[in-house]
Amino acid sequence: MTASGNEPIIVAPGEQRLHFFFPQMQIIDQKITTLAEFEALNATHFLYGTQARWAYERSGILPAETQLIAALGRKDYFELTKYHNDATFSYEFYQRVNTADRYQKPK
4 MTASGNEPII VAPGEQRLHF FFPQMQIIDQ KITTLAEFEA LNATHFLYGT QARWAYERSG
64 ILPAETQLIA ALGRKDYFEL TKYHNDATFS YEFYQRVNTA DRYQKPK
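In this note's numbering, each residue's number is its place in the sequence shown (first place is 1) plus 3.
Dropping the structure here:
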């Protein structure tokens, strides 16, 4: 459950194994590139890691050049909730904070 009491909707490009471990959760493995696409899915979380990078690159997309991946470092949009790194895989699990603020003029 999220802080608002809703079920999480996780975008995890290239992560086909998560459906096996979390069959009750809504996990979307699309390779989205913009914040508008992320919002359109009503996604609450984004899993970025080795599998996601490989999935984007296999599709000819450079992950670091997408709006979504570039926004992951913005604390006003996303919060890093979990980080894992071992010899083979690395994962960063982000929770959406408020991506709608990008439509507001700076104060």
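Note that CB positions come from ideal geometry on N, CA and C, so glycine has one too.
Only a predicted model underlies this, so the values are computations on that prediction, with no experimental measurement involved.
#### Entry: Contact under 7 Å by Cβ, Ile30 with Ala15
On the sequence shown, position 27 is the one that residue 30 refers to. On the sequence shown, position 12 is the one that residue 15 refers to. In contact: Ile30 and Ala15 (Cβ atoms closer than 7 Å).
#### Entry: Proximity to Thr47 [Cα-Cα], best of Lys110, Leu75 and Trp57
Residue numbering aside, residue 47 sits at position 44 when the sequence shown is read from its first letter. Among Lys110, Leu75 and Trp57, the Cα nearest to that of Thr47 is on Leu75.
### Query
From which residue to which residue does the beta strand (DSSP E) around Ile72 run?
Indexing the sequence shown from 1 puts residue 72 at position 69. That residue, Ile72, is in no beta strand (DSSP E); its alpha helix (DSSP H) goes Gln70 to Ala74.
### Query
In chain order, what residues of the same chain have a beta carbon less than 7 Å from the beta carbon of Val100, not counting five sequence neighbours either side?
As a first step, residue 100 is located in the sequence shown; it is residue number 97 there, counting from the start. So the list reads Asp79, Tyr80, Phe81 and Glu82, once near-sequence residues are dropped.
### Query
In whole angstroms, what is the alpha-carbon distance linking Tyr86 and Arg77?
On the sequence shown, residue 86 is found 83 positions in, with the first residue counted as 1. On the sequence shown, residue 77 is found 74 positions in, with the first residue counted as 1. Going by the C-alpha atoms only, they are around 16 Å apart.
### Query
Taking buried to mean at least 16 other C-beta atoms within 10 Å of its own C-beta, is Pro26 buried or exposed?
What you label residue 26 is simply residue 23 of the sequence shown in a count that begins at 1. So Pro26 counts as exposed.
### Alpha carbon of Tyr51 to alpha carbon of Asp32, nearest angstrom
Translated into positions along the sequence shown, residue 51 becomes position 48. Translated into positions along the sequence shown, residue 32 becomes position 29. In a straight line, the C-alpha of Tyr51 is about 11 Å away from that of Asp32.
### Task
Give the single residue among Gln98, Thr69 and Lys34 whose Cα lies nearest to the Cα of Ala55.
Taking the first residue of the sequence shown as 1, we reach residue 55 at position 52. The residue with the shortest Cα to Cα distance from Ala55 is Lys34.
### Query
Roughly how many angstroms separate the alpha carbons of Ile64 and Thr91, rounded to a whole number?
By 1-based counting over the sequence shown, the position of residue 64 is 61. By 1-based counting over the sequence shown, the position of residue 91 is 88. So the alpha carbons of these two residues sit roughly 22 Å apart.
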